[in-house]
Amino acid sequence: MRKWLTAFALLAALGFTCGVLGQSNGPAARTGATKDPAGGTRVPLGTRPDLSGVWRRSRRPPNDKRKYTLYEIALTLTNEEPPMTPWGLEKFKAAKPNVGPHAVTLAQTNDPVAQCFPPGVPKIYLVRGAPFEILQAPGRMMMYFEYDHFVREIFTDGRQHTADLNPTWMGESIGKWEGNTLVVDSTGFNEKTWLDYAGHPHSDQLHLVERIHRMNHDTLVDDLTIEDPKAYTKPWVSHMVFDLKPDWKIEETICEDNVNFSNLQKISESSK
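Heads up: the sequence shown begins at 45 in this note's numbering, then just goes up one per residue.
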């Protein structure tokens, strides 16, 4: 099953490549940059760092003595909570996480993921410790997550963010290369998700910037900057590290297959 799913995802990603090559006028045209319909310029894949592979969040970043947990992103750089606005603090206090020092039972939690809603970004990196696979193609990169088979598309073709973007669970992600680092700028999120399992909130004004690079062959680093003027008084940063899993394949982890529906019923009744 893992091999079939990975092959399917790879073919989907390579389909983008084939579309570009099919528009070229010969071998010479295929080796250079090509124009993208959105107006950007696609750079040959071989000229960029290769981030492809199956990755899973590391249990502890190497040589990192700071506070670190597997369920929240807010305390990975400091021991202080990010400065919240009154709106953000109200949302945070209303959160009932199922993990951490203020954990409630699963029947009491109001974590959207506990009800099988999409986790959004960046929380999807934390869910169940599930891996994801990076697939690269000219003009875009795909993050293919094992959890519920979510796909995150990162455009690297030079386009700008869509004007008047309709808010979504995963937002819109635009990437550009700065040396060996992929800088991913994401906006257009709805405010139905938490940033992490601890219940740190965000609004539809969330602006997420990630700087992703390969520290070494087996280690991927993602430095995040979170800006949300409705929820936080100033931008704050976090840090994630992922381990390469060269022998892993993406399998199927579906929320509905693992949820306790009796608890969901209690949650639904308590929210009425």
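We put the CB at the ideal spot given by N, CA and C, even for glycine.
Computed from a prediction, not measured in an experiment: that's the story for all the values here.
Distance check between Glu-271 and each of Tyr-169, Gly-173, Thr-231 places Thr-231 closest, using alpha-carbon atoms only. Runs of the beta strand (DSSP E) spanning 3 or more residues and lying entirely within the stretch 241-314 occur at 251-260, 263-271, 280-288, in chain order. Taking the Cβ atoms as the reference, Asn-210 lies roughly 31 Å from His-257, outside the contact range of under 8 Å. Restricting attention to Val-165, Ser-247, Asp-240, Gly-97, the CA atom closest to the CA of Ile-178 is found in Gly-97. Distance from the CA atom of Pro-273 to the CA atom of Glu-125, rounded to whole angstroms, is 16 Å.
By DSSP's assignment, Ser-217 forms a beta bridge with Ile-198, Ser-230. With 16 or more other CB atoms across the displayed protein chains lying within 10 angstroms of its CB, Gln-180 is buried.
Under the DSSP assignment, Leu-133 falls in the alpha helix (DSSP H) whose first and last residues are 130-138. Nearest in C-alpha terms to His-146, of all of Tyr-241, Asn-234, Thr-129, is Tyr-241.
A distance below 6 Å between beta-carbons, with the five flanking residues on each side excluded, links Val-227 to the following residues of its chain, in chain order: Lys-220, Arg-255. Taking each of Val-265, Asp-262, Ala-158, Leu-133 in turn and checking the Cα distance to Ile-298, the smallest one comes out for Ala-158. Taking each of Leu-250, Trp-238, Asp-266, Thr-91 in turn and checking the Cα distance to Arg-101, the smallest one comes out for Asp-266. A straight line joining the alpha-carbon of Asn-234 with that of His-251 spans about 11 Å.
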